[in-house]
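Below is one structure, written out as structure tokens, with a few remarks after it.
Protein chains: 2
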Amino acid sequence: MAEDKEKSAAAVDYRKLGKDVFEFFTHRTAYNSAAYLIPTLERMKQENPRLRLLDVGAGAGSVSATFAQIIGPEGHVVCTDLAPSVLPQAEAFAESLGVKNIEFKTADVHQLPFENDSFDVVHCHQLFGHIKDPVAALREMLRVTKPGGVVAAREGDRETEIIWPPLPGLKKWHEYVFDSKVAQVHGGTLTAGRQLLAWALEAGVKRNQIEVSYGTWLTSEEATKMVYARGISKVLNGPSRKNALQFGLTEEDIDEICRDTLAWADREDSTWLMLQTEIIVRK
Amino acid sequence: MAEDKEKSAAAVDYRKLGKDVFEFFTHRTAYNSAAYLIPTLERMKQENPRLRLLDVGAGAGSVSATFAQIIGPEGHVVCTDLAPSVLPQAEAFAESLGVKNIEFKTADVHQLPFENDSFDVVHCHQLFGHIKDPVAALREMLRVTKPGGVVAAREGDRETEIIWPPLPGLKKWHEYVFDSKVAQVHGGTLTAGRQLLAWALEAGVKRNQIEVSYGTWLTSEEATKMVYARGISKVLNGPSRKNALQFGLTEEDIDEICRDTLAWADREDSTWLMLQTEIIVRK
Numbered sequence: 001m002a003e004d005k006e007k008s009a010a011a012v013d014y015r016k017l018g019k020d021v022f023e024f025f026t027h028r029t030a031y032n033s034a035a036y037l038i039p040t041l042e043r044m045k046q047e048n049p050r051l052r053l054l055d056v057g058a059g060a061g062s063v064s065a066t067f068a069q070i071i072g073p074e075g076h077v078v079c080t081d082l083a084p085s086v087l088p089q090a091e092a093f094a095e096s097l098g099v100k101n102i103e104f105k106t107a108d109v110h111q112l113p114f115e116n117d118s119f120d121v122v123h124c125h126q127l128f129g130h131i132k133d134p135v136a137a138l139r140e141m142l143r144v145t146k147p148g149g150v151v152a153a154r155e156g157d158r159e160t161e162i163i164w165p166p167l168p169g170l171k172k173w174h175e176y177v178f179d180s181k182v183a184q185v186h187g188g189t190l191t192a193g194r195q196l197l198a199w200a201l202e203a204g205v206k207r208n209q210i211e212v213s214y215g216t217w218l219t220s221e222e223a224t225k226m227v228y229a230r231g232i233s234k235v236l237n238g239p240s241r242k243n244a245l246q247f248g249l250t251e252e253d254i255d256e257i258c259r260d261t262l263a264w265a266d267r268e269d270s271t272w273l274m275l276q277t278e279i280i281v282r283k
Numbered sequence: 001m002a003e004d005k006e007k008s009a010a011a012v013d014y015r016k017l018g019k020d021v022f023e024f025f026t027h028r029t030a031y032n033s034a035a036y037l038i039p040t041l042e043r044m045k046q047e048n049p050r051l052r053l054l055d056v057g058a059g060a061g062s063v064s065a066t067f068a069q070i071i072g073p074e075g076h077v078v079c080t081d082l083a084p085s086v087l088p089q090a091e092a093f094a095e096s097l098g099v100k101n102i103e104f105k106t107a108d109v110h111q112l113p114f115e116n117d118s119f120d121v122v123h124c125h126q127l128f129g130h131i132k133d134p135v136a137a138l139r140e141m142l143r144v145t146k147p148g149g150v151v152a153a154r155e156g157d158r159e160t161e162i163i164w165p166p167l168p169g170l171k172k173w174h175e176y177v178f179d180s181k182v183a184q185v186h187g188g189t190l191t192a193g194r195q196l197l198a199w200a201l202e203a204g205v206k207r208n209q210i211e212v213s214y215g216t217w218l219t220s221e222e223a224t225k226m227v228y229a230r231g232i233s234k235v236l237n238g239p240s241r242k243n244a245l246q247f248g249l250t251e252e253d254i255d256e257i258c259r260d261t262l263a264w265a266d267r268e269d270s271t272w273l274m275l276q277t278e279i280i281v282r283k
């Protein structure tokens, strides 16, 4: 499992790869990726300014760092990931924002290194679609949540990914990510979004403890599209090129993907979307 | 074209089919189907209480009637559909709400029977996915819009439809609606959502005149699910049964679809979703 994670994009050290890759890995913030949770955080903070928030599978840590800003200096965030190599990057990002109320720790969501009832908020983003047993993971996240606290998760339903216009390089990229050996190596499911509510119920939670909402990601906004396109191109052209060749893409495929992704982002009529499901579970 | 429309569900006279079917055809309101447009309407109404709104392809007219409530008694709504048979139902629905600032007219979106610059707001919901030339339709809608007015449209991307859990009858329903002869007879496209912005640009509008947003439909809310399930079952079991048999479903298929749709709605973990794109175009 740890090996799989090492193979993933999260293992890329974005700090060495310049501004485009840095932006790609850190453009996710609590504001664009966990907006559904912010009103709840604000409410909980009113009642208790010393909130403890655990972010699981946090990758580059940009969502965690913005959570730390939102819950304020009296609150505390623990940012975790299975891959130790990614945590120094998360730490550097938090430092770049001047965020101090945060710590970093290697952790497996199936066996979290924390006592029962340790956190007010336990959060993950795009995690359950990549692991083997989301129900066990949810149970473990609930275990370390204080009574009265919440577990929050947002999962894309990757089968609903839409790319318009369907330029040939983008179709290749979609097939590479979703239909090739890469998806098999990484495990998980492409339909996490639609199953999220069912998983929470299976983890033993009652329906009236769960708040469900739905959203989309990305948008057709020019700035977001360019961050995405430049990031993919730089990573695929650079550190991930060797992997991509091993997983069945040719040199020409990679060039076409990079070229079409940038051309796509530059068009006024282009869109890249995916359905997202969000749950907030009260313990 | 008019013939196709006559074959569609809109031609069902829901007034004869009881409460379940009535609710199915009228559960769409401006609040749940055009929420993206309401702030714009409120703002325009502040400036001009005598707004004129055209609703195109309005079917059972429940969205039109709630628009009439929102723009208020000094405003006026013209509710149109290609199928003359549906308009008495729309009229009856508006009457049931006590809405008086509304009129009803047969109209083809490709050739609207109105002068240039006649309306402040021209709206349609789930129309472009069912017609042959959405760009021409958009041009025609823009023609009858006053300078300074808006054209608003919301289109589902039907290829992203998600049904969970995937009960066998629901899979059959999905295939019947999307992959069978029905879809071919009705024409149109399953990917309207992702193309909506591109169509607007093709109709000659500049990118900075267009506000784009994205949403989902339906939800996992119990009440909505039941309205949907009871409506489908009653219609498919009743007036549309003959059509369904002609289009390749068997008696057993229909029974299974009705049974599984109701079972699906009754489950706590069930979800039915589709990506939606919304645009507001300023003329």
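Those protein sequences? They're chains A and C, same order as listed.
Residues 1 to 283 in the UniProt record's numbering are what the first sequence spells out, letter by letter.
Residues 1 to 283 in the UniProt record's numbering are what the second sequence spells out, letter by letter.
We put the CB at the ideal spot given by N, CA and C, even for glycine.
These numbers were taken from a predicted model, which means no experiment stands behind them.
Bridge partners for residue i per DSSP, in chain order?
i        : result
A:Ser213 : A:Glu278
C:Cys258 : Answer is none; C:Cys258 lacks a bridge partner.
A:Lys105 : A:Thr80
C:Arg154 : C:His125, C:Glu278
A:Thr271 : A:Trp164
C:Gln89  : C:Gln89 is not bridged to any residue.
For residue i, which residues in the same chain have their Cβ closer than 6 Å to its Cβ, ignoring the five residues on either side in sequence?
i        : result
C:Leu37  : Ala152
A:His123 : Asp55, Ala152
C:Ser8   : With a pLDDT of 45 at C:Ser8, under the threshold of 50, the modelled position of that residue is not reliable, and no figure is offered here.
A:Met226 : Ala265
A:Ala229 : Thr261, Leu262, Ala265
C:Gln46  : none
C:Pro134 : Phe128, Trp199
A:Phe114 : Val144
A:Arg28  : Ser62, Val63
A:Trp173 : Ile257
Keeping to the same chain, check which residues put their C-beta closer than 7 Å to that of residue i; ignore five residues upstream and five downstream.
i        : result
A:Ser64  : Asp55, Ala58, Val77, Cys79, Ala90, Ile102
C:Val205 : Val281
A:Glu221 : none
A:Ala200 : Leu138, Ile210, Ile279, Val281
C:Asp20  : Arg230, Gly231, Lys234
C:Pro147 : Asp117, Lys283
C:Arg241 : Ile254
In the structure shown, what three-state DSSP assignment does residue i receive?
i        : result
A:Val144 : coil
A:Asp120 : strand
C:Gln246 : helix
A:Lys225 : helix
C:His130 : helix
C:Val99  : coil
A:Met1   : Here A:Met1 scores only 37 on pLDDT, less than 50, and its place in the model should not be relied on; the value that follows carries that caveat. Coil at A:Met1, not helix or strand.
A:Gly72  : coil
A:Trp231 : It is Gly, not Trp, that sits at residue 231 of chain A in the sequence shown. Note: A:Gly231 maps to helix in three-state DSSP.
A:Glu6   : Because A:Glu6 sits at a pLDDT of 40, beneath the cut-off of 50, its placement in the model cannot be relied upon, and the following sentence gives the value as read from the coordinates. Looking at A:Glu6 - three-state DSSP - the assignment turns out to be helix.
C:Leu112 : coil
Using 8 Å as the limit for Cβ to Cβ distance, is residue i near chain C?
i                      : result
A:Leu273               : yes
residue 289 of chain A : Because chain A here runs from 1 to 283, residue 289 of chain A falls outside it and cannot be looked at.
A:Ser220               : yes
A:Leu190               : no
residue 303 of chain A : Here chain A covers residues 1 to 283 and nothing more, so residue 303 of chain A does not appear.
A:Thr160               : yes
A:Lys7                 : Low confidence applies here, because A:Lys7 scores a pLDDT of 41, under 50, leaving its location unreliable; read the following figure in that light. No, no contact with chain C.
A:Ala10                : At A:Ala10, the pLDDT of 49 sits below 50, so the modelled position is not reliable; the number obtained from the coordinates is stated separately. No, A:Ala10 does not count as interfacial toward chain C.
A:Trp264               : no
A:Pro73                : no
A:Leu201               : yes
Output needed for residue i: all residues of its chain with C-beta closer than 8 Å, excluding positions within five of it in sequence on either side, in chain order.
i        : result
A:Gln276 : Arg154, Glu155, Gly156, Asp157, Gly193, Tyr214, Gly215, Thr216, Trp217
C:Ile162 : Thr271, Trp272, Leu273, Met274
C:Glu140 : Val109, His110, Gln111, Leu112
Quick one: is the Cβ of residue i within less than 7 Å of any heavy atom of the ligand MG?
i        : result
C:Trp217 : This structure lacks the ligand MG; in fact it carries no ligand of any kind.
Flag residue i as yes if its beta-carbon sits less than 8 Å from any beta-carbon of chain A, otherwise no.
i        : result
C:Ile280 : no
C:Glu211 : no
C:Thr216 : yes
C:Arg194 : yes
C:Asp157 : yes
C:Arg207 : yes
C:Trp164 : yes
* Go through the stretch 161-206 of chain C residue by residue and report every complete run of the alpha helix (DSSP H) that reaches 4 residues or more, in order. => 168-178, 181-186, 192-202
* Can you check the stretch 9-57 of chain A for any beta strand (DSSP E) of at least 3 residues that lies completely inside it and give the ranges in chain order? => 52-56
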